[in-house]
Amino acid sequence: MRTAKCNVGAATDSRASGAALPGDWRACLFGAGFLGLAAWFVWGPNLAVIPDLRGAGATEPVLLGSLPRSVLAGPQGAKVNGFLRSCSDCHRLFRPRAADPAPLRLQHQSVVVEHGDIVACRACHLEPGYDLLRLKDGTPLPYSESLRHCLECHEEVRGDFEHGLHGRADGGWDARFGAVRHLGCLECHDPHVPRLPVMDEVRPLPGPRTLRMGEPRAARAEGGR
Amino acid sequence: MSAPSRRAFLRGALGGAGGLAAAAASLAPLGKGAATGFSLERLLQPHYLRMTPEELKQVLARVEAEVLERHGVRAEVNDHKALPGVEFAFALDIDKCVGCRRCVHACAAENNASRDPEIQYIRVLELPEGSLDLAQGDHHYEHERLPRAGRYYLPIQCQQCADPPCVSACPVGATWQEPDGVVVIDYDWCIGCRLCMAACPYWARRFNFAPPAVPSSALNARMDYLANRPRSAGVVEKCHFCLHRTRAGLQPACVEACPNGARKFGDVLDEGGELAWILAHKRVFVLKPELGTLPRFYYYAGEDSARASPAAPGPDRE
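Protein sequences appear in the order of chains A and B.
Quick note on the numbering used here: the first sequence kicks off at 1 and runs consecutively.
Quick note on the numbering used here: the second sequence kicks off at 1001 and runs consecutively.
Printed below as a string of structure tokens:
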């Protein structure tokens, strides 16, 4: 009965009154361990560095010769200490600072923003929980509807996208032969760096060695022509 | 009297024997069957367009047997007919194409094109920006990274012209235009004269100078008679809009392989379709329009739909 914290442990050990002291210590250790575990559950995610999310939701290369899609196609959240955490798990404790973007000392250091003149996180992510996106007027929007969010600014793409022109599609050439799936924005573009690094830095497959198109440059040089 | 007559007799006998040997030698390939690509049935089969359904079935079975003998692959040789009320067309956004050649290799794999010597239906030209002078194009660009600054990439394949000069050039009617606009070749009817190649202004046709070599392990077993069944030496082939796929509803192999979505394929008669939208809203061009070949392969550039789409009625309209 020395501290309120050890009450429970003391009660269980009360019949061995002669050895009360060692039992109390054990109970105290147990209690401290429990509190430590609870603290770890609450604070743990903030102490572990959240892994780089790029590529977390990347889909497999769909077809022969196609490039793997890049970023953030999967559900939002990050696996930290073996648990899937949502954004608000941390951000309900850690409120963003007034300065946005705040200097990133521990978390999100991998995030590079090169998206026009957007630099602030809150320009797209809804405060305070960050579990949602926001439209320009502050309307919350789930990440699954990012298309609406993107088209708010990128009006020039809307016509093309709605008619299936912007970006590739999987499936047949017409809907009557089965579902045609048009890839969403985030399946090709990293919203933080939308300039398509994957595609812009593509290596070409080998060039032709056909009769019709003449010999490759190297072969021509060897032949002295 | 006897000497000249003996000489004449010997000359005649030798000539006769030589003629018989030559005739036997020329007919010898017929006996060897599929190994050489020649067979009596193939020699005597009617033109594709004049085949009865029964004859067609026999021919498809023969081709399947030939594939089995040549490659040990149990192929499925179909004969997809043109879909009624459909006219295929192709559109390619040269702004999105980065020249990665994935379409080229996907096409060769899909269509069982010869790997050695190499035959490719699609060629990709690297051109200086702002130029459509195809003579400046480079087929053999090799860069670490694509695209190169100041260059753009122009893939060219069969344009499936509405008025195809190659069809008029063929002396035997081995190539013709189907109702869905695809210009096809009956590889068994082609005599290999290559007049169609001379007539094509787009360099779209390829000739099998040597027996085409396709590794049996890489053989695409889903075939069509007019599409990607194995060819033999001495015949012309070309892009056929993957009709074995597209007539079954699939996209052509090059469209599927394009990582950027630069290639669009569809029915140009479908008013709500992608092709109709492109033709209505994009600045579309075709190659060599002055020749009057009316290509069904359209090129366009850029994302200017905001400018081109019908604007919402603003205050100064109405």
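Note that CB positions come from ideal geometry on N, CA and C, so glycine has one too.
Given a threshold of 16 other Cβ atoms within 10 Å of its Cβ, counted over all protein chains shown, does residue i qualify as buried or as exposed?
i	result
A/Glu159	Per the sequence presented here, residue 159 of chain A reads as Gly, with Glu not at that position. Classification for A/Gly159: buried.
A/Arg168	buried
A/Pro61	Here the model assigns A/Pro61 a pLDDT of 38, short of 50, so the residue's position is not dependable, and the following value carries that caveat. The residue is exposed, with fewer than 16 neighbouring Cβ atoms inside 10 Å.
B/Lys1081	exposed
A/Arg122	exposed
B/Lys1032	Residue placement at B/Lys1032 is flagged as unreliable, the pLDDT there being 49, under the threshold of 50; a coordinate-derived value is accordingly withheld.
A/Gly207	buried
B/His1047	exposed
B/Gln1251	buried
A/Asp117	exposed
B/Gln1045	buried
B/Ser1232	buried
B/Ser1039	buried
A/Trp40	exposed
A/Gln109	exposed
B/Ile1185	buried
B/Leu1092	buried
B/Leu1275	buried
B/Ala1149	exposed
B/Arg1245	buried
B/Phe1209	exposed
B/Glu1256	buried
B/Gly1261	buried
B/Arg1247	buried
A/Thr210	buried
B/Ala1109	buried
Assuming the contact rule is C-beta atoms closer than 8 Å, residue i and residue j should be a hit. Round their C-beta distance to whole Å, please.
i	j	result
A/Leu133	A/Cys124	6 Å
B/Arg1115	B/Val1235	Not quite, the Cβ-Cβ distance comes to about 17 Å (not below 8 Å), so this is no contact.
B/Phe1088	B/Phe1207	Actually they do not touch by this definition, with Cβ atoms about 25 Å apart.
A/Arg195	A/Glu127	Not a contact, Cβ separation roughly 27 Å.
A/Cys185	A/Cys150	5 Å
B/Gly1249	A/Gly172	4 Å
B/Lys1238	B/Ala1204	5 Å
B/Val1104	B/Ile1119	Contact doesn't hold; Cβ gap of about 11 Å is too wide.
B/Ala1253	B/Glu1076	No, B/Ala1253 and B/Glu1076 are not in contact; Cβ-Cβ is about 17 Å, not under 8 Å.
Report the option in the options whose CA atom is closest to the CA atom of residue i.
i	options	result
B/Ala953	B/Lys1288, B/Pro1295, B/Gly1234	A question about residue 953 of chain B goes unanswered here, because the residues of chain B that appear run from 1001 up to 1318.
A/Cys188	B/Asp1079, B/Cys1258, B/Leu1083, B/Ser1168	B/Cys1258
B/Cys1196	B/Asn1208, B/Phe1285, B/Pro1171, B/Ser1217	B/Pro1171
B/Met1051	B/Ser1216, B/Asp1079, B/Tyr1300	B/Asp1079
A/His192	A/Pro101, A/Phe34, A/Val112	A/Val112
B/Asp1138	B/Ala1149, B/Leu1154, B/Arg1145	B/Leu1154
A/His163	B/Leu1279, B/Phe1285, B/Ala1008	B/Leu1279
B/Pro1147	B/Arg1283, B/Asp1095, B/Cys1193	B/Asp1095
A/Leu183	A/Leu141, A/Leu37, A/His166, A/Arg95	A/His166
B/Gln1058	B/Leu1049, B/Glu1041, B/Cys1190, B/Gly1261	B/Glu1041
A/Met213	B/Cys1107, B/Ala1106, B/His1140	B/His1140
B/Leu1219	B/Val1067, B/His1143, B/Leu1083, B/Gly1273	B/Val1067
B/Ala1113	B/Pro1212, B/Tyr1299, B/Arg1222	B/Pro1212
A/Cys87	A/Asp190, A/Asp170, A/Gly178, A/Pro142	A/Pro142
B/Cys1100	B/Pro1179, B/Glu1076, B/His1143, B/Gly1192	B/His1143
A/His232	A/Gly129, A/Ala38, A/Leu84	Look at the range of chain A in this structure, 1 to 225, and you will see that residue 232 of chain A is not part of it.
B/Arg1283	B/Phe1009, B/Cys1254, B/Tyr1299	B/Tyr1299
B/His1281	B/Ala1301, B/Trp1176, B/Cys1107	B/Ala1301
Are any of the Cβ atoms in chain D nearer than 8 Å to that of residue i?
i	result
B/Tyr1141	Here the protein chains are A and B, and chain D is not one of them.
>> Using 8 Å as the cut-off, can you tell me whether the stretch 1117-1134 of chain B makes contact with the stretch 1063-1078 of chain B, which would need three or more C-beta pairs spanning the two stretches below that distance?
In response: Under the 8 Å Cβ criterion, the stretch 1117-1134 of chain B does not count as touching the stretch 1063-1078 of chain B, having fewer than three qualifying pairs.
>> For the structure I just gave you, are there three or more beta carbon pairs, one from the stretch 1222-1240 of chain B and one from the stretch 134-144 of chain A, closer than 8 Å?
In response: Not touching, per the Cβ criterion.
> For the stretch 1283-1302 of chain B against the stretch 1158-1165 of chain B, are there 3 or more C-beta pairs whose distance is under 8 Å?
Replying inline: The stretch 1283-1302 of chain B vs the stretch 1158-1165 of chain B: in contact.
>> Can you confirm whether the stretch 1265-1285 of chain B touches the stretch 1049-1064 of chain B when touching is taken to mean that 3 or more C-beta pairs between the two stretches lie within less than 8 Å?
In response: Contact between the stretch 1049-1064 of chain B and the stretch 1265-1285 of chain B is absent, because fewer than three Cβ pairs lie under 8 Å.
>> Restricting to runs no shorter than 4 residues, where is the alpha helix (DSSP H) found entirely within the stretch 142-182 of chain A?
In response: Fully enclosed alpha helix (DSSP H) runs of no fewer than 4 residues occupy 146-153, 155-162 of the stretch 142-182 of chain A, in order along the chain.
> Quick one: complete beta strand (DSSP E) runs, 3+ long, within the stretch 1160-1216 of chain B?
Replying inline: Here the runs fully enclosed are 1175-1177, 1183-1185.
> Taking the runs of the alpha helix (DSSP H) that are 4 residues or longer, which of them lie wholly in the stretch 1068-1156 of chain B?
Replying inline: Runs of the alpha helix (DSSP H) inside the stretch 1068-1156 of chain B: 1102-1110.
>> Please give me, in chain order, every unbroken run of the beta strand (DSSP E) with length at least 3 that falls completely inside the stretch 1212-1269 of chain B.
In response: Those beta strand (DSSP E) runs which fall completely within the stretch 1212-1269 of chain B and span 3+ residues are 1222-1224, 1263-1267.
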